[in-house]
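Undergrad:
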Amino acid sequence: MNRIREFCTKHYYLLTSVLMFMSFPSYDVWFLKAFPFFAWIALAPVFIYVRDKKPREVYLSAFLAGLLGNFLAYEWIGNFGAAVTGGYAVILGFLMPSLSVFFALKIFAAEMIARRFEKLRPLVFPAVWLFVDWIQTIGFLAYPLPNWAYSQYPFTPFIQMASLTGIMGITFVIVLVNYLLAELVRAGGLRAAPVRGILRMKEARLLGIALAFVAAMTAYGAAVMALNTGAGKSGLRVAMVQSCISPWENWSENRFSYLAELKRYTGKAMGDRPDLVIWSESATLETISYDYEQGMLNEFDQEVLALARQNERPLLTGEIGVVEDYSDIILRRYPQNNAVLINAGGEVVGSYAKIHLVPFGEWFPYEKWLGFVKRITESMGGSSFVPGDKPKVFEVGGRKFGVLICYEGISQRLCRTYRAMGAEYFVNITNDGWTDTFRGHMQHFSASKFRAVENGIWYLRAGNTGYTAFIDPYGRIRKSIPILKKGFLVDEIDFSLNHRTLYALIGDLFLYLAMAFVIALAGIMVFEKVRSSAVKK
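If you want it as structure tokens, here you go:
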């Protein structure tokens, strides 16, 4: 017992790891539903620990806290390779250290800069955090899923702030509160008595101001939501089908039975007279648009087109696209992860190729050097798609929409681009069935509400196994189907709720200001070091 107590005393920063797990949806049980609260305190232990430590220990403790915390929170990602011996370990062995390097970098860089600018400490930590979050959204290996703000998706009134600053503003506030709480604890605020003594502390006053801001933003959000409940005007009726198929189980052999399920639920949805039918990302793993263009439709393609024609309703579904390469003497064809729109006459009217592919799961940006990784992930069911090169807006019933395929729902910049192109709602088709967990489905879904709030338009999410939902422009879930349950959903998009947001107008200006702040401080430090070296010479 003494050894355990001694370990906890020396390594209390690992409490952050446990609180990280508790800060995001994990299991569908009542006592874990308070995860939005824990996100406001989870970082405090590691912030307290690194305050006076040597640089090496700052980085090491932050890395270890991140390694354990990321494993507890995102271990479900390993399920992608669970069907292959060793696949689970391979994925986590690569992903967890990568995420932890970024986590440690945030804390290490913030602490090092803050030691030079002590008075700016409360601003340095959240600003650096945003800078590194931005780094995680760029390049071939971008993986921005672990964003701290996503923990707040059930806190709908507060996340209305995203319409002003985007998701980064919310992350800034959460990290700021964590840091100010850490400073209060470190100053002995929790041991101070009476309450009047705590209130006299500078750390307590700063934390109080931050919490007052959170309360004010929450009140603002609640008022905005109360004033915008919808005019009840008729808009566009949309049906979404959640068929819970398993496309990896011998697609060629089972595809017609899968299609029969889709047709059955679509037929039931026709009773509600929808204007548009949406199937999920993996509903039809066929080259429908390519076959249509080439005039060589197979039996499966023909059945899908015939269904749209018989129902006299447009159909949006996932498919496998084909891109042809004529650069060599030999014609080469490469697959893409596509969405295809079929009109009410059973004609293919457009397709969109997914731009933001999941690194190593859907494509291999460094295949030349990491060929062995490609072979391993392909054995787990990974794909080797060619990314699309531009967003595309579709139109049904005079209303424009942008398609997001699976992971693209995390990309705030792509969504803002769609909004600028005139999109009046988003359609996110996805397949999260491989996660087979509540946390996998809900952690992926959490980004959806933010995209709706940021852009002030509807967000329709059609998942193979869930979470299928209609989300209004204020982030309210209007209708949904539980995960892993077969069924369909029909609802009407009330476009009177659509509105222009400051974020849609100015984009990530808040993020860029935070980055400029960090660059300025880092520049001063570099200048001083150079000048000091010159003086010594």
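Numbering (our numbering), first residue to last: -5 to 531.
Glycine included, every Cβ here is placed at the ideal spot set by N, Cα and C.
These numbers come from a predicted model, not from an experiment.
Among the residues of its own chain, which have a CB less than 7 Å from the CB of V334, if the five just before and after it don't count?
TA: Within the same chain, V334 has close Cβ partners I282, S283, T311, E313, V342 and S345.
Undergrad: Give me whichever residues DSSP pairs with F395 in a beta bridge.
TA: Its beta-bridge partners are F388 and Y419.
Undergrad: Find out if the Cβ-Cβ distance for the pair S92, Y137 is shorter than 9 Å.
TA: Taking 9 Å as the Cβ cut-off, S92 and Y137 qualify as a contacting pair.
Undergrad: Confirm, please, whether the CB-CB distance from G163 to F504 is below 9 Å.
TA: Result yes, Cβ atoms of F504 and G163 sit closer than 9 Å.
Undergrad: My assumption, with CB atoms under 8 Å, is that F152 sits in contact with M195. Please give the rounded CB distance.
TA: With a Cβ gap of about 26 Å, F152 and M195 do not count as contacting.
Undergrad: Can you give me the Cβ contacts of P308 inside the same chain, cut-off strictly under 6 Å, excluding the 5 residues immediately before and after it?
TA: For P308, where only same-chain residues beyond five positions count, the Cβ hits under 6 Å are L270, N337, A338 and V390.
Undergrad: Can you tell me where the beta strand (DSSP E) holding A456 begins and where it ends?
TA: A456 -> beta strand (DSSP E) spans W452 to G457.
Undergrad: If you compare alpha carbons, which of L13, K473, K27 and A59 is closest to H5?
TA: Taking only the C-alpha atoms, the option nearest H5 is A59.
Undergrad: To the nearest angstrom, how far is the alpha carbon of A414 from that of F482?
TA: Each residue's alpha carbon lies about 31 Å from the other.
Undergrad: Assign F432 to one of three DSSP states: helix, strand, or coil.
TA: Of the three classes helix, strand and coil, the one that applies to F432 here is helix, per DSSP.
Undergrad: Within its chain, find whatever has a CB closer than 7 Å to the CB of Y43; leave out the 5 residues flanking it on each side and keep chain order.
TA: The answer, listed in chain order, is Y6, Y7 and S55.
Undergrad: Exposed or buried, which one is N425 when buried takes at least 16 other CB atoms within 10 Å?
TA: Looking at its Cβ environment, which holds 16 or more other Cβ atoms inside 10 Å, N425 is buried.
Undergrad: Could you give the distance in angstroms between the alpha-carbon of K473 and the alpha-carbon of F420?
TA: In a straight line, the C-alpha of K473 is about 16 Å away from that of F420.
Undergrad: Determine, using beta carbons only, whether T431 and N64 come nearer to each other than 9 Å.
TA: No, the Cβ-Cβ distance between T431 and N64 is not below 9 Å.
Undergrad: For A333, report the span of its beta strand (DSSP E) as first-last.
TA: Note, A333: beta strand (DSSP E), R326 to I336.
Undergrad: Among all the DSSP beta bridges, which residues are the ones paired with Q236?
TA: DSSP output for Q236 lists G481 as bridge partner(s).
Undergrad: If contact is defined by three or more beta carbon pairs under 8 Å, each pair taking one atom from either stretch, is the segment 487 to 500 in contact with the segment 510 to 519?
TA: Counting Cβ pairs under 8 Å, fewer than three are found: no touch.
Undergrad: Going by DSSP in three states, V316 sits in which element: helix, strand or coil?
TA: In the structure shown, V316 sits in a strand (DSSP, three-state: E or B).
Undergrad: Among V298, A233, G265 and M234, which has the Cα closest to the Cα of A254?
TA: Closest by alpha carbon: V298.
Undergrad: Between which two residues does the alpha helix (DSSP H) harbouring S92 extend?
TA: From DSSP, the alpha helix (DSSP H) with S92 extends over G81 to R110.
Undergrad: Provide the residue span of the alpha helix (DSSP H) that contains G344, from first to last.
TA: Premise fails: G344 lies in the beta strand (DSSP E), V342 to A347, not in any alpha helix (DSSP H).
Undergrad: Can you give the Cα-Cα distance for I535 and M219, rounded to whole angstroms?
TA: Lying outside -5 to 531, the shown extent of the chain, residue 535 is not represented and no answer is given.
Undergrad: Which of the three DSSP states is assigned to F444 in this structure?
TA: Helix.
Undergrad: Can you tell me which of R433, T10 and E486 puts its alpha carbon nearest to the alpha carbon of D266?
TA: It is E486.
Undergrad: Which residues mark the beginning and the end of the alpha helix (DSSP H) in which S283 is found?
TA: Taken as a continuous stretch (DSSP letters only), the alpha helix (DSSP H) holding S283 covers I282 to Q288.
Undergrad: For a quick check, are the C-beta atoms of R50 and R180 less than 9 Å apart?
TA: In this structure, R180 does not lie closer than 9 Å to R50 by Cβ.
Undergrad: Can you find at least 3 beta carbon pairs, one from the segment 513 to 529 and one from the segment 101 to 112, that sit closer than 8 Å?
TA: Segments in contact, yes.
Undergrad: Are the CB atoms of T159 and D127 nearer to each other than 9 Å?
TA: Going by C-beta atoms, T159 is not nearer than 9 Å to D127.
Undergrad: When the Cα atoms are used, what is the spatial distance from L200 to L174?
TA: Rounded to whole angstroms, L200 to L174 spans 7 Å at the Cα level.
Undergrad: Assign M436 to buried or exposed, taking buried as 16 or more other Cβ atoms, counted over all protein chains shown, within 10 Å of its Cβ.
TA: Burial call: buried.
Undergrad: When you compare the CB of N331 with every CB in chain C, is at least one pair closer than 9 Å?
TA: The structure shown has no chain C; it contains just one protein chain.
Undergrad: Output yes or no for whether 9 Å exceeds the beta carbon distance between Y68 and L139.
TA: Yes.
Undergrad: For the 8 Å Cβ check, are there 3 or more pairs between the segment 233 to 247 and the segment 386 to 403?
TA: Result no; under three Cβ-Cβ pairs closer than 8 Å.
Undergrad: Between which two residues does the beta strand (DSSP E) harbouring K473 extend?
TA: Looking at the DSSP string, the run of the beta strand (DSSP E) that includes K473 is I471 to I475.
Undergrad: Which whole-angstrom value is the C-beta distance of E275 and I475, which I expect to be below 8 Å?
TA: Not confirmed; about 16 Å, so no contact.
Undergrad: When the distance is taken between beta carbons, is G382 closer than 9 Å to R455?
TA: Not in contact: R455 and G382 (Cβ atoms no closer than 9 Å).
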